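One line per chain: the protein sequences are Y and H, in this order.
Per the working numbering, the very first residue in the first sequence carries number 17; after that it's consecutive.
Per the working numbering, the very first residue in the second sequence carries number 17; after that it's consecutive.
Notes follow the structure.
There are 2 protein chains.
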Amino acid sequence: MKINLINIGDELLIGQVVNTNASWMSAYLNENGMRVCRVFTIADNADEIKNALQQAMSTADAVIITGGLGPTKDDITKHTLCQFFSSQLVLHEPSLDNVRSIFKKRNFPMTPLNEAQALVPECCRVLLNKWGTAPGMWFETDGKVVVSLPGVPFEMQGLMREEVVPLLLKKFAVESIYHKNVLTFGIGESFLSDKIEQWELALPENIRLAYLPKDGVVRLRLSAFGSDSVKLQQQVACEVEKLRALVGEYIFGYDDDTLESVVGKLLSEQGMTLATAESCTGGTIAQLLTSVSGASAYYMGGVVAYANEAKEQLLGVKHATLEQHGAVSRQTAEEMALGAKRRFATDCAIATTGIAGPTGGTEDKPVGTVWIAVATPSGVEAQCFSFGDDRSKNVMRASYQALRWLQVKLG
Amino acid sequence: MKINLINIGDELLIGQVVNTNASWMSAYLNENGMRVCRVFTIADNADEIKNALQQAMSTADAVIITGGLGPTKDDITKHTLCQFFSSQLVLHEPSLDNVRSIFKKRNFPMTPLNEAQALVPECCRVLLNKWGTAPGMWFETDGKVVVSLPGVPFEMQGLMREEVVPLLLKKFAVESIYHKNVLTFGIGESFLSDKIEQWELALPENIRLAYLPKDGVVRLRLSAFGSDSVKLQQQVACEVEKLRALVGEYIFGYDDDTLESVVGKLLSEQGMTLATAESCTGGTIAQLLTSVSGASAYYMGGVVAYANEAKEQLLGVKHATLEQHGAVSRQTAEEMALGAKRRFATDCAIATTGIAGPTGGTEDKPVGTVWIAVATPSGVEAQCFSFGDDRSKNVMRASYQALRWLQVKLG
Numbered sequence: 017m018k019i020n021l022i023n024i025g026d027e028l029l030i031g032q033v034v035n036t037n038a039s040w041m042s043a044y045l046n047e048n049g050m051r052v053c054r055v056f057t058i059a060d061n062a063d064e065i066k067n068a069l070q071q072a073m074s075t076a077d078a079v080i081i082t083g084g085l086g087p088t089k090d091d092i093t094k095h096t097l098c099q100f101f102s103s104q105l106v107l108h109e110p111s112l113d114n115v116r117s118i119f120k121k122r123n124f125p126m127t128p129l130n131e132a133q134a135l136v137p138e139c140c141r142v143l144l145n146k147w148g149t150a151p152g153m154w155f156e157t158d159g160k161v162v163v164s165l166p167g168v169p170f171e172m173q174g175l176m177r178e179e180v181v182p183l184l185l186k187k188f189a190v191e192s193i194y195h196k197n198v199l200t201f202g203i204g205e206s207f208l209s210d211k212i213e214q215w216e217l218a219l220p221e222n223i224r225l226a227y228l229p230k231d232g233v234v235r236l237r238l239s240a241f242g243s244d245s246v247k248l249q250q251q252v253a254c255e256v257e258k259l260r261a262l263v264g265e266y267i268f269g270y271d272d273d274t275l276e277s278v279v280g281k282l283l284s285e286q287g288m289t290l291a292t293a294e295s296c297t298g299g300t301i302a303q304l305l306t307s308v309s310g311a312s313a314y315y316m317g318g319v320v321a322y323a324n325e326a327k328e329q330l331l332g333v334k335h336a337t338l339e340q341h342g343a344v345s346r347q348t349a350e351e352m353a354l355g356a357k358r359r360f361a362t363d364c365a366i367a368t369t370g371i372a373g374p375t376g377g378t379e380d381k382p383v384g385t386v387w388i389a390v391a392t393p394s395g396v397e398a399q400c401f402s403f404g405d406d407r408s409k410n411v412m413r414a415s416y417q418a419l420r421w422l423q424v425k426l427g
Numbered sequence: 017m018k019i020n021l022i023n024i025g026d027e028l029l030i031g032q033v034v035n036t037n038a039s040w041m042s043a044y045l046n047e048n049g050m051r052v053c054r055v056f057t058i059a060d061n062a063d064e065i066k067n068a069l070q071q072a073m074s075t076a077d078a079v080i081i082t083g084g085l086g087p088t089k090d091d092i093t094k095h096t097l098c099q100f101f102s103s104q105l106v107l108h109e110p111s112l113d114n115v116r117s118i119f120k121k122r123n124f125p126m127t128p129l130n131e132a133q134a135l136v137p138e139c140c141r142v143l144l145n146k147w148g149t150a151p152g153m154w155f156e157t158d159g160k161v162v163v164s165l166p167g168v169p170f171e172m173q174g175l176m177r178e179e180v181v182p183l184l185l186k187k188f189a190v191e192s193i194y195h196k197n198v199l200t201f202g203i204g205e206s207f208l209s210d211k212i213e214q215w216e217l218a219l220p221e222n223i224r225l226a227y228l229p230k231d232g233v234v235r236l237r238l239s240a241f242g243s244d245s246v247k248l249q250q251q252v253a254c255e256v257e258k259l260r261a262l263v264g265e266y267i268f269g270y271d272d273d274t275l276e277s278v279v280g281k282l283l284s285e286q287g288m289t290l291a292t293a294e295s296c297t298g299g300t301i302a303q304l305l306t307s308v309s310g311a312s313a314y315y316m317g318g319v320v321a322y323a324n325e326a327k328e329q330l331l332g333v334k335h336a337t338l339e340q341h342g343a344v345s346r347q348t349a350e351e352m353a354l355g356a357k358r359r360f361a362t363d364c365a366i367a368t369t370g371i372a373g374p375t376g377g378t379e380d381k382p383v384g385t386v387w388i389a390v391a392t393p394s395g396v397e398a399q400c401f402s403f404g405d406d407r408s409k410n411v412m413r414a415s416y417q418a419l420r421w422l423q424v425k426l427g
């Protein structure tokens, strides 16, 4: 069952508002076995609406429109729908009662503009909006469905959950969809693709694979389509097992996992604590770790040692080490990690020191050079990495790399 | 001059990724005097791409496509464009050199998939991608332009800034637009709106105002439209002066300024140094400060003192203070700031301690309670703030509030 979305709103087309309605609706419809094939984002303009509606209806079983239903003059959706379906506006008493009761509750006076919100095309089925003043509308024509909803996210979401999706499921036979995300780190998209090529080619026809790379993490999304949801889950679990055999060493988690959450989980399970010592990552590892609610159970804190003096004073890095090997070196990274472990009295520590860029690079140590050290109860180790030219990307890559390395060590 | 966008990506249609490319592109084109009329979000599928391209070209002067250009098999855009423009793929040597140099720098071996990224339709003008491996492509047909860009945001943004928009401005006659952003902090959107209502109503017809709120910062964007760009700048400067008279106390900067950059600039100008002591903000202030290139000149470092022991050991907060007043208190915040100032031997320090949530709140100190302290050569002060329920929002608000307060003190 195919659905096209039309999101109406000038604010979307000047980039003032990000179209989160489209992503919420797509995800929710998808969870319910319906596939969004296309999203049209268009201006608040009668011709545009008619034109998009025609195009959208030509390739889908149902079209859901959001926006253009507010009380102010620039909202013309309702009149356009009347024209489109050769209908006329009539007063819908239950909707008028709803608008009245909302105004009464807020203690606001009603204006004629507000009353007009209860006018709906005669040919539609009204979807009562418990969350706001603009009613939803359901049209049927030639076996196809057109739904019009307000653009306010929580009103749209309420109507989708309680009215639109139940009605769609009643009207259309719907296929099941099951998604599983396999999260990898430390291997580029193209190398990953090479390693799993044969597996990918042999995937059953009803399973699709997508690569979603970000900040060094490549998310592999498997989507299985079929009629039996239990069978789909089994089928996907079986494919994930094969994938693990091929690239298991790069997999750090599944679905909503993050590197900071899996490291936190491991530390919690093992009753261990962690401290950080950051130079080039400037507090990003601390920020990632503390973005997980409950991190205070295992994360004791960290030092952002941007200046050499701070590396000496707060982390106990030896002056001679900095003199002899420089701040960006194996020795400094190791002493930073050990210093953090000692100062915060933790079981583990991670340290970073490098050249994030854009300045500060030398021939020996170009921008993107980062030493990462990990200290655990069994000792300390450091590795050198070469990232790229972009400051903020280098910081993210180095931060995730450090977390990933700790995860492997704790694993 | 009208532009339609086509964003390709299955991940957009299952709601896994929000289409921020569309909003960024719309805003950027708008700033440059071009209007986005429609956005098509479509699947990674040849027929869909052809169909959307046909529809998009019928109503716009230029169509910009993003996505579908990665090295892996699910990317079919390039082949579809070849068919559409009756062209064939040929090797583009400069793009191959670009791919090679990127792989050489990262010390990765090239695969045939990577080499194939340098294949482009013979009829296109290649837009060299300095930020990644997939080249941008510029097609012209019947006076219309079609551009294809990679979907990775920073690659797309780099190509838009340095190639696409300059070329579009050369080809099409575009009205002048002049934008000025006035950045405020510490006042909500509706209060700000009340204070500047009369000024807003009296704005000249060719100047538009937009409110863009994020993390406690409200960006006021003035956009002036006309033929004479010098006159537009004068006109806007005059309106900004009136605005300063009304709400100057909330204005912290203009255009691309950020709180971290204006604080950095002030510290540099005054030859002062800064350290941070963060509890509830978990390294976010450090991260913001170090995201500014050159921050090492004034930012010495910081401590993320998540555990009470860390507050004592690393910042010298007295055990008695923590016992008597608790970690979330004026006294602890002040001792943290003074401790950081002393340990890092800086002129200034900022400290945060609070309850980010979602757990940890009490009746006395509910979630969102944050003490912020600022130490300067003239002493230390602390203030208590009440933010909301949302963990990540609380962290951002508190971080910005701390920076804003230091700015005011240094100002």
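Beta carbons: idealized from backbone N, C-alpha and C, even for Gly.
In this text, all values refer to a predicted model and were calculated from it rather than measured experimentally.
From residue i to residue j, what distance separates their C-alpha atoms?
i: L275 of chain H; j: F268 of chain H; result: 7 Å
i: V383 of chain Y; j: M288 of chain H; result: 27 Å
i: V190 of chain Y; j: V278 of chain H; result: 55 Å
i: A326 of chain H; j: G342 of chain H; result: 14 Å
i: H108 of chain H; j: W147 of chain Y; result: 56 Å
i: F3 of chain Y; j: V181 of chain Y; result: In this structure chain Y extends from 17 to 427, so residue 3 of chain Y is not present and cannot be described.
i: A72 of chain Y; j: K196 of chain Y; result: 29 Å
i: R51 of chain H; j: N37 of chain H; result: 15 Å
i: F119 of chain Y; j: P125 of chain Y; result: 7 Å
i: T200 of chain H; j: K281 of chain H; result: 17 Å
i: S103 of chain Y; j: P137 of chain Y; result: 6 Å
i: E265 of chain H; j: M17 of chain Y; result: 56 Å
i: R407 of chain H; j: M316 of chain Y; result: 18 Å
Buried or exposed for residue i, please, with buried defined as at least 16 other CB atoms from any protein chain shown within 10 angstroms of its CB.
i: P128 of chain H; result: exposed
i: E285 of chain H; result: exposed
i: R420 of chain H; result: buried
Alpha carbons only, please: which of the options is nearest the one belonging to residue i?
i: I19 of chain Y; options: Y:M126, Y:L184, Y:G242, Y:Q32; result: Y:L184
i: L29 of chain H; options: H:M50, H:A59, H:I22; result: H:A59
i: N48 of chain Y; options: Y:G202, Y:S243, Y:G280, Y:L165; result: Y:S243
i: A62 of chain H; options: H:G25, H:I80, H:V55, H:A38; result: H:G25
i: L429 of chain Y; options: Y:L208, Y:S394, Y:F241; result: Residue 429 of chain Y lies beyond the residue range present for chain Y, which begins at 17 and ends at 427; the question has no answer from this structure.
i: C53 of chain Y; options: H:M41, H:A68, H:R54; result: H:A68
i: T149 of chain H; options: H:I388, H:Q70, H:G167, H:A253; result: H:G167
i: I81 of chain Y; options: Y:F101, Y:A389, Y:N23; result: Y:N23
i: Q70 of chain Y; options: Y:A418, Y:Y44, Y:F101, Y:I92; result: Y:F101
i: M41 of chain H; options: H:A261, H:V333, H:V163, H:L217; result: H:V163
i: G84 of chain Y; options: Y:P169, Y:E257, Y:V333; result: Y:P169
I think residue i touches residue j, with their Cβ atoms under 8 Å apart; what is that distance to the nearest whole Å?
i: A367 of chain H; j: A293 of chain H; result: 4 Å
i: L330 of chain Y; j: A321 of chain Y; result: 6 Å
i: L283 of chain Y; j: E255 of chain Y; result: Not quite, the Cβ-Cβ distance comes to about 31 Å (not below 8 Å), so this is no contact.
i: G31 of chain Y; j: S192 of chain H; result: Not quite, the Cβ-Cβ distance comes to about 19 Å (not below 8 Å), so this is no contact.
i: T300 of chain H; j: S402 of chain H; result: So it is not a contact: roughly 18 Å between Cβ atoms.
i: N324 of chain H; j: G373 of chain H; result: About 19 Å separates the two Cβ atoms, so there is no contact after all.
i: V234 of chain Y; j: E205 of chain Y; result: 5 Å
For chain Y, find out if any of its Cβ atoms is closer than 9 Å to the Cβ of residue i; answer yes or no.
i: T56 of chain H; result: As written in the sequence, residue 56 of chain H is Phe, which differs from the Thr given in the question. Judged by the 9 Å Cβ criterion, F56 of chain H is in contact with chain Y.
i: T337 of chain H; result: no
i: C53 of chain H; result: yes
i: V168 of chain H; result: yes
i: Y315 of chain H; result: yes
i: I301 of chain H; result: yes
i: E325 of chain H; result: yes
i: R122 of chain H; result: yes
Spell out whether any CB of chain H is found under 9 Å from the CB atom of residue i.
i: L28 of chain Y; result: yes
i: W154 of chain Y; result: no
i: F360 of chain Y; result: yes
i: V319 of chain Y; result: yes
i: L354 of chain Y; result: no
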